[in-house]
Amino acid sequence: NKVLKKHGRSGKESVAALQALADLFMPIKLVPKQFDVLVERVRGALDRLRQQERAIMQLCVRDARMPRADFLRLFPSNETDQTWSGDLAKRSTKWAAALGEKDAAIVA
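Following this line, the structure appears as structure tokens:
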């Protein structure tokens, strides 16, 4: 993880570290039943994440009247930033005040 942050995913050191990690996991063989359980857990987590993102988009776009294009431009890479909506509410846009009112619901 540290190597990826420092050198990026396509750096020589990162590629070597990922290959070493892959080599460690290669001997592990899972029966399909075990694999399916693991995949289902990941899919469930991803589904919950998407539901939360849709709820945030609904609060911003429908309730605060933020243009959808603005949301799609501003939200990516701010998914985990809990100050994101509060910072946007301080801007001088016509939807900023409404977004400020929804800030607690967005962060929750």
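Heads up, the sequence shown is in our numbering, so the first residue is 40 and it goes up one at a time. Every residue gets a Cβ at the ideal spot worked out from N, C-alpha and C, and that includes glycine.
- Rounded to whole angstroms, the separation of the alpha carbons of residue 60 and residue 53 is 10 Å.
- By the Cβ test, the segment 87-107 is not in contact with the segment 64-78, since fewer than three Cβ pairs between them sit closer than 8 Å.
- Where residue 93 is concerned, the enclosing alpha helix (DSSP H) starts and stops at 71-96.
- With respect to residue 147, residue 138 sits apart: the two C-beta atoms are not nearer than 8 Å.
- Judged by beta-carbon spacing, residue 68 lies beyond the 8 Å limit of residue 98, meaning their Cβ atoms are not closer than that value.
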